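Chemist: If you read the sequence shown in our numbering, its first letter stands for residue 1, the second for the next number, and so on. Virtual Cβ for every residue (Gly too), placed ideally from N, Cα, C. Fair warning: this is a prediction, and the values are worked out from it, not measured in the lab. This is the structure I have questions about; it appears just below.
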Amino acid sequence: GGPVPERMTRADALDAFVRGLREVADTAEKLGVDVLVEPEPHLLIETSEDFLDLVDRVDSPRIGCNFDAGHFYSVGKDPVELVETLEPHTPHYHLEDIPADRTHEHTQLGEGAMDIDGFLDAVEATGYDGHVTVELYPYQETAAETARTAMEYLEAHGWT
């Protein structure tokens with residue numbers, strides 16, 4: 001959904017997004033592809049409640065959630081508790097760690113305050129067998145080293 005435009009109310013922006021997403025959903029249904037919405041702090045769709053309201057309003061099986069654990073944590077929610085709620089709508093997950101003050105600042109796994117193992121346990125408990133993307137974009141200058149460190153964290157915790 002992106003940020004709410006300056007000259008629009010949140011309600012008007014949401015109405016416009018719903019109209020546009022319905023058109024996209026019609027095309028997605030014809031093509032047999034999914035369109036994922038990723039709730040994110042400070043954007044139109046921030047929370048699980050925002051997402052579920054959107055899904056109800058668009059009313060298409062092709063609209064899903066790109067579940068970003070850190071984003072939900074940053075808006076004061078427990079991603080572990082949300083996995084089961086959003087599972088019917090979630091074909092993909094993103095994971096990063098977030099500081100204890102819940103600032104939307106992606107950190108390396110294990111360097112923040114999130115319950116990484118609890119989150120991955122919850123995802124596994126749903127029977128999900130797809131990929132979980134570890135987001136490391138703040139570390140572009142040290143990408144290879146950072147990816148190795150993330151993999152080492154996951155291996156040390158039994159997730160590979």
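Quick check on the DSSP output: what are the complete alpha helix (DSSP H) runs of length 4 or more inside the region 104–156, in order along the chain?
Modeler: 116–125 and 143–156, all fully within the region 104–156.
Chemist: Does Gly20 come out as helix, strand or coil in the three-state DSSP assignment?
Modeler: DSSP places Gly20 in helix when its eight states are reduced to three.
Chemist: Going by other Cβ atoms of all chains shown within 10 Å of its Cβ, with 16 needed for buried, is Met8 buried or exposed?
Modeler: Met8 is exposed by the Cβ-count criterion.
Chemist: What is the C-beta distance between Leu36 and Ala13, in whole angstroms, given that I count them as a contact (C-beta under 8 Å)?
Modeler: Contact flag wrong, Cβ pair sits at about 19 Å.
Chemist: My understanding is that Arg22 touches Val58, with C-beta atoms under 8 Å, so please give their C-beta distance in whole angstroms.
Modeler: So it is a contact: roughly 6 Å between Cβ atoms.
Chemist: Could you check whether the Cβ of Tyr139 sits closer than 7 Å to any heavy atom belonging to the ligand FAD?
Modeler: Of ligands this structure carries none, so the ligand FAD is not represented either.
Chemist: State buried or exposed for Arg62, treating a residue as buried only when at least 16 other CB atoms are found within 10 Å of its CB.
Modeler: With 16 or more other Cβ atoms within 10 Å, it is buried.
Chemist: Taking the Cβ atom as the reference point for each residue, do His94 and Asn66 lie within a distance shorter than 8 Å?
Modeler: Yes, the pair counts as a contact, with Cβ atoms nearer than the cut-off.
Chemist: Under a Cβ-count criterion, where at least 16 other Cβ atoms within 10 Å of its own Cβ denotes burial, should Val134 be classed as buried or exposed?
Modeler: By the 10 Å Cβ count, Val134 comes out buried.
Chemist: Between the Cα of Ala156 and those of Pro99, Leu109 and Glu87, spot the shortest distance and give me the residue it belongs to.
Modeler: The residue with the shortest Cα to Cα distance from Ala156 is Leu109.
Chemist: Taking all protein chains shown into account, do 16 or more other C-beta atoms lie within 10 angstroms of the C-beta of Thr27, making it buried, or fewer, making it exposed?
Modeler: Exposed is the call here.
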